[in-house]
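Peer 1:
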Amino acid sequence: MSVHKWSAKESQGAVVLVHGTGEHHGRYAHVAAFLNQQGWDVYADDLPGWGRSPGIRGHIDSFDDYVKKVREWTVAALEDSAGKRPVFLLGHSLGGLIAVRFVQSEKAAQELAGLMLTSPCLRLKLEVPAWKAQAAKLLDRFWPTLALANGITPDMVSRDEAVQAAYKDDPLNYPKVSVRWFQELHKAMQAAWEERARLKVPVLVLQAGDDSLVDADAVERFTEGIQGNKTFRRFPGLRHEVLNEPEREDVLRQMNGWMKEIVCDKM
Numbered sequence: 001m002s003v004h005k006w007s008a009k010e011s012q013g014a015v016v017l018v019h020g021t022g023e024h025h026g027r028y029a030h031v032a033a034f035l036n037q038q039g040w041d042v043y044a045d046d047l048p049g050w051g052r053s054p055g056i057r058g059h060i061d062s063f064d065d066y067v068k069k070v071r072e073w074t075v076a077a078l079e080d081s082a083g084k085r086p087v088f089l090l091g092h093s094l095g096g097l098i099a100v101r102f103v104q105s106e107k108a109a110q111e112l113a114g115l116m117l118t119s120p121c122l123r124l125k126l127e128v129p130a131w132k133a134q135a136a137k138l139l140d141r142f143w144p145t146l147a148l149a150n151g152i153t154p155d156m157v158s159r160d161e162a163v164q165a166a167y168k169d170d171p172l173n174y175p176k177v178s179v180r181w182f183q184e185l186h187k188a189m190q191a192a193w194e195e196r197a198r199l200k201v202p203v204l205v206l207q208a209g210d211d212s213l214v215d216a217d218a219v220e221r222f223t224e225g226i227q228g229n230k231t232f233r234r235f236p237g238l239r240h241e242v243l244n245e246p247e248r249e250d251v252l253r254q255m256n257g258w259m260k261e262i263v264c265d266k267m
């Protein structure tokens with residue numbers, strides 16, 4: 001089992017972080033640094049097919065491959081906490097969808113203090129043409145590892161030019177996804193909507209207002225349909241990666257404040 005841990009000097013709890021499509025956990029070092037300063041340990045690693053993880057890049061056989069990996073990271077954090085410190089799960093974009101499916105399907109999720117999602121991939125902004133979807137289904141049967149461009153450009157992720165340049169030049173970022181990945185993504189999104197009632201932990205959703213990748217309105221509707229404790233915050237003008245926008249400090253402060261509220265409410 002592989003998981004990277006950024007440790008706080010005086011830990012009050014932990015955050016398990018799940019990255020998005022085509023990237024790797026190293027892009028969240030600044031997020032971990034902020035959370036460490038606030039007293040949160042951070043656990044993360046690269047999802048199958050991304051970053052330095054083994055396997056075919058941009059490919060999975062099943063969406064469960066992702067969920068199983070997040071289970072490993074979460075169990076590690078829960079075991080370290082020994083039930084004495086709260087553990088939160090944070091997922092961005094694809095990682096947000098994975099986090100949702102983990103909470104909906106895994107017993108270990110019942111021990112989480114809360115779920116945090118940034119621009120979660122619950123519905124794509126651009127609808128896929130019917131012919132293209134049919135072609136993907138056919139190719140999935142005969143050539144599931146066929147890789148196609150994911151369509152994400154640096155200007156879509158952030159308005160910050162330094163972030164855009166780093167995103168473009170990062171050798172660990174991978175700009176393609178397989179036909180099977182595409183099929184599994186859509187199945188997972190559909191399941192997430194159908195099983196919203198299974199989200200029984202407090203949920204915080206921080207959604208980019210100017211998101212060209214994820215349908216922000218759909219994410220808001222998804223959140224409204226969650227029973228129990230849920231909070232939705234939309235950030236007008238921010239692009240997809242709200243944790244990499246010029247306003248990132250404010251987003252992180254809101255995240256930290258929400259976690260502290262959840263912990264106080266349980267005391």
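Here the UniProt record's numbering is used: the first residue of the sequence shown is 1, the next is one more, and so on.
Think of the CB as a built atom: it goes at the ideal place given N, C-alpha and C, for glycine as much as any other residue.
1. Under 7 Å between the Cβ atoms of residue 97 and residue 69?
2. From residue 269 to residue 240, what distance separates their C-alpha atoms?
3. Just to check my reading of the structure: residue 177 and residue 147 have Cβ atoms closer than 8 Å, yes? What is that Cβ distance to the nearest angstrom?
4. Using only CA atoms, which one of 154, 149, 116 lies nearest to residue 233?
5. Which residues share a DSSP beta bridge with residue 41?
6. In its own chain, which residues sit with a C-beta less than 7 Å from the C-beta of residue 244, not counting the 5 before and 5 after it?
7. Measuring CB to CB, does residue 222 end up less than 7 Å from residue 122?
8. What's the gap between the Cα of residue 60 and the Cα of residue 195?
9. When the Cα of residue 214 is compared with those of 259, 119, 2, which residue comes out closest?
10. Hey, out of 52, 86, 7, 193, whose CA is closest to residue 261's CA?
11. Please list, in chain order, all residues of the same chain as residue 14 whose beta carbon is under 8 Å from its beta carbon, the five residues on each side excluded.
12. Beta-carbon separation of residue 217 and residue 237 under 7 Å?
13. The alpha helix (DSSP H) with residue 92 in it runs from where to where?
Peer 2: Let me spell this out:
1. Between residue 97 and residue 69, the C-beta gap is not smaller than 7 Å, which leaves the two residues out of contact.
2. With the chain covering 1 to 267 only, the question about residue 269 has no answer from this structure.
3. With 8 Å as the limit, residue 177 and residue 147 qualify as a contact, their Cβ atoms being about 7 Å apart.
4. Closest by alpha carbon: 116.
5. Per DSSP, 14.
6. Closer than 7 Å at Cβ, skipping near neighbours: 157, 158, 160, 163.
7. In this structure, residue 222 sits near residue 122, with a CB-CB distance shorter than 7 Å.
8. In this structure, the CA atom of residue 60 is about 22 Å from the CA atom of residue 195.
9. With distances taken between Cα atoms, residue 214 lies closest to 119.
10. Per the Cα distances, 86.
11. Here the set comprises 40, 41, 42, 43, 77, 80, 81, 85, 86, 87, 88.
12. Not closer than 7 Å, so no.
13. Run containing residue 92: none in the alpha helix (DSSP H); it sits in the beta strand (DSSP E), 87–92.
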